[in-house]
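Asker: In terms of the working numbering, the sequence shown opens at residue 34 and continues consecutively. Built from N, CA and C at the ideal position, the CB exists for glycine as well. Submitted below is the structure of interest, expressed as structure tokens.
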Amino acid sequence: MSQPVTSVASSAWRWYLMWFGFLALALLLFGRLTQLHLFEYEFLRHQSDVRTLRTQAMPASRGMITDRHGEPLAISSPVATLWANPRHLPQSQEDLQRLALALGEDPQAFIERVQRLVRREFIYLRRQVTPDFAEQVLALDLPGVYVMDEYRRYYPTGEVTAHLVGFTNIDDQGQEGLELAWNHRLTATPGRQRVLQDLRGRTIRHLETLQEPAPGQDLMLSLDLRLQYLAYRELKAAVEQHQAVSGSMIVLDAQTGEVLVMVNQPAFNPNNRGHLDVGRLRNRALVDLIEPGSVIKPLSLAVALQSGQFSAEDEIDASPGVLHLAGQTIRDFRNYGMMTPEQILTRSSNVAIARMILQLPDEMLVQFYDAMGFGRATGTGFPGEASGVLPGSFGISRIKRATLSYGYGLSASLGQLAQAYMILADEGRLHPLSLLRVDQVHTEQVLDPEIARSVLNMMESVTLPGGTGTRAAIPGYRVAGKTGTVHKLGVAGYGSGDYIATFAGIAPLTNPRLVAVIMIDSPQGQEYFGGEVAAPVFSRVIGQALRLLDIPPDDPDYFDR
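What follows is the structure, encoded as structure tokens:
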């Protein structure tokens, strides 16, 4: 039997319909591909790049801070920072708890924080952790968790140099000390790179560097770390021994004005600031002000000799040991009678130095104090450095001039006192202080060189038998210095019973190389005079410093005395 014609025709029609359908789909597919390649290619490529191409920052290290010999005081170490995109984090409470425990956080508090910030695209998980710690967290293989490279500041010398160097915050920006003062120089410039990432945010390939990272510039200080350690140890021991409130010491290169030592007590550890006492942050040597007291007498004496009205051989009458001015009484420890200028320093006579200054023109003392650097910054550029207070010379009273002559009625920092003493050490020349190592020395002639040398020689008597600063003597070296014991000004005036013990010294006398000033605030117990509390610190620190710096002795007869 043959098939009906209608059945064959129906079958052929279905084949034609099927092939027509395939052809239509092929044409649609070809048309769509043509549309994507010719008309939407740029759009689609951009959308692909948005999802897979990223521009990442390339961290650069902050500049290193070193002492004058290149010993590191502040360095930057590579660390890892963990962050997350809350939108991509797993929703499972169990996964979030695992992540919280790996981060060392309370799971409930962590989950609440993630839920609260879920609309954000970036949150920190842990900042500045070790690379090993970051790898342990990433090993959980949870979506939305990423890592980026950073640098963390580390201070190898800890609290020994903390007040001078300062510290940075977690974003590597200077907050205190020279880290703040020179932040513009130390700060690094991050680079930029283009990378290819997968959909989980992991970097697959580095494509190109858009900008090379530029590390910060290094900073070489004038500080000598060997001497800094010596001074830190001795100052801390003295403050503890005398149960003092605080203490400071500064040592200068007498020929350049470079700061070789600057230490304070109490101190702080810049590597661990979790429970930091803000009161410990101050660099007291430059920020705090004191009334200098008797350590200023050599400078007043230099002004009197510079005036031409007095000579080193003159005798000044200090009888009867008191001087009454404007209803106030200036006293000596006892009636010293007639004294030469050298004896005035040896015995630290307030009456004699006041009588000398009162015979000078009214404005002369203040004008010379100003020329010596009092009342203005020393030039270090240290943040918060105090300028001090120096009275004006116009219409100054006799009692004011008298008290200024022995260090009351003005305020100065330890740095200003050391700078002024450098004038005596370097033949009458004033140097700006420098916390950085200097190549070119700038000076200004303030005193006649012969006057400066004459006063310097007189100051040696203070450290010899019969003087007030014999404990500052250094075996084998000639030492010039001056003690000071200042009554602290309180609510009830100068009768609070607290003192500031000071000593300022220069060594060796034959060819001055080091200038040092020590201050001990409110020493307790039977010993509170500058010659008892501060002078021994000078002897121990400067004695060892002279030997470390290989400065030859200039007093071979010391051991025969």
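DSSP on D10, reduced to helix/strand/coil?
Answerer: Residue 10 lies beyond the residue range present for the chain, which begins at 34 and ends at 594; the question has no answer from this structure.
Asker: Looking at the unbroken alpha helix (DSSP H) that takes in S381, where does it start and where does it end?
Answerer: Where S381 is concerned, there is no enclosing alpha helix (DSSP H), given that its DSSP letter is neither H nor E.
Asker: Under 8 Å by Cβ, that's how I've got I386 and Y439 pegged, so tell me the actual separation to the nearest angstrom.
Answerer: Confirmed, Cβ separation roughly 6 Å.
Asker: Looking only at its chain, what residues have a beta carbon closer than 7 Å to the beta carbon of I156, apart from the 5 residues adjacent to it on each side?
Answerer: Taken in chain order, the residues that qualify are W116, A117, P119 and L150.
Asker: Report buried or exposed for A167, applying the criterion of at least 16 other Cβ atoms within 10 angstroms of its Cβ.
Answerer: So A167 counts as buried.
Asker: Smallest Cα separation from T496: which of P164, F562, K515 and E483?
Answerer: Ranking P164, F562, K515 and E483 by Cα distance to T496 puts K515 first.
Asker: Could you tell me the boundaries of the alpha helix (DSSP H) in which M492 lies?
Answerer: Counting along the chain, the alpha helix (DSSP H) containing M492 begins and ends at P482 to T496.
Asker: With a CB to CB cut of under 6 Å and the five nearest residues on each side skipped, what residues in its chain are close to A404?
Answerer: Within the same chain, A404 has close Cβ partners V479.
Asker: Excluding sequence positions up to five away, which residues of its chain have a Cβ less than 7 Å from the Cβ of E460?
Answerer: For E460, where only same-chain residues beyond five positions count, the Cβ hits under 7 Å are P482, A485 and R486.
Asker: Sorted by chain position, which residues of the same chain lie with C-beta nearer than 7 Å to L391's C-beta, five sequence neighbours on each side aside?
Answerer: For L391, where only same-chain residues beyond five positions count, the Cβ hits under 7 Å are R431, R434 and A435.
Asker: Determine the direct distance from the alpha carbon of M397 to that of F427, and round the result to whole angstroms.
Answerer: One C-alpha to the other measures close to 10 Å.
Asker: Run the CB neighbour count on T163, radius 10 Å, all protein chains shown included, and call it buried at 16 or more, exposed below.
Answerer: So T163 ends up on the exposed side.
Asker: Measure the Cβ-Cβ separation of D554 and G326 and say whether it is below 9 Å.
Answerer: Not in contact: D554 and G326 (Cβ atoms no closer than 9 Å).
Asker: Counting only beta-carbon atoms, is T496 nearer than 9 Å to chain B?
Answerer: No chain B appears in this structure, which consists of one protein chain only.
Asker: Rounded to the nearest angstrom, what separates A277 and P556 at their Cα positions?
Answerer: Straight-line Cα distance between these residues: approximately 4 Å.
Asker: Quick one: grab the DSSP three-state call for D554.
Answerer: Note: D554 maps to strand in three-state DSSP.
Asker: CA-CA distance, D139 and R152?
Answerer: Each residue's alpha carbon lies about 22 Å from the other.
Asker: Buried or exposed for L77, going by 16 or more other Cβ atoms inside 10 Å?
Answerer: In this prediction, L77 scores a pLDDT of 47, lower than 50, which makes its location untrustworthy; the coordinate-derived value is nonetheless stated afterwards. The residue in question, L77, is exposed, as its Cβ has fewer than 16 Cβ neighbours within 10 Å.
Asker: Write down every uninterrupted run of the alpha helix (DSSP H) in the region 88 to 154 whose length is 4 residues or greater and which is fully enclosed by it, in chain order.
Answerer: Complete alpha helix (DSSP H) runs here, min 4: 126 to 136 and 140 to 149.
Asker: Can the beta-carbon of I283 be found closer than 9 Å to that of A549?
Answerer: Yes, they are a contact pair.
Asker: Pairs of beta-carbons, one from the region 184 to 198 and one from the region 303 to 316, closer than 8 Å: are there three or more?
Answerer: With the cut-off at 8 Å, the region 184 to 198 and the region 303 to 316 touch.
Asker: Would you decide whether G355 is buried or exposed? Buried here means 16 or more other CB atoms lie within 10 Å of its CB.
Answerer: Going by the sequence as given, residue 355 is Val instead of Gly. By the 10 Å Cβ count, V355 comes out exposed.
Asker: Using a 10 Å radius around the Cβ and a threshold of 16 neighbouring Cβ atoms, would you call W52 buried or exposed?
Answerer: It is exposed - the Cβ of W52 has fewer than 16 other Cβ atoms within 10 Å.
Asker: At which residues does the alpha helix (DSSP H) containing H357 begin and terminate?
Answerer: Segment V355 to L358 is the beta strand (DSSP E) holding H357; no alpha helix (DSSP H) there.
Asker: Identify, in the order they occur along the chain, each residue of the same chain with its Cβ nearer than 7 Å to the Cβ of D365, setting aside the five sequence neighbours on each side.
Answerer: The residues are A351, G354, S382, N383 and V384.
Asker: On the DSSP letters alone, give me the boundaries of the alpha helix (DSSP H) that I432 sits inside.
Answerer: Residues R431 to S438.
Asker: Expressed to the nearest angstrom, what Euclidean distance is found between the alpha-carbon atoms of R101 and R470?
Answerer: Looking at the two C-alpha atoms, the distance is approximately 6 Å.
Asker: Output yes or no for whether 9 Å exceeds the beta carbon distance between L393 and G408.
Answerer: In this structure, G408 does not lie closer than 9 Å to L393 by Cβ.
Asker: Can you name the start and end residues of the alpha helix (DSSP H) that Q392 belongs to?
Answerer: Neither: Q392 is in no alpha helix (DSSP H) and is coded neither H nor E.
Asker: Give me whichever residues DSSP pairs with R6 in a beta bridge.
Answerer: Nothing about residue 6 can be reported from this structure: the residues present for the chain run from 34 to 594 only.
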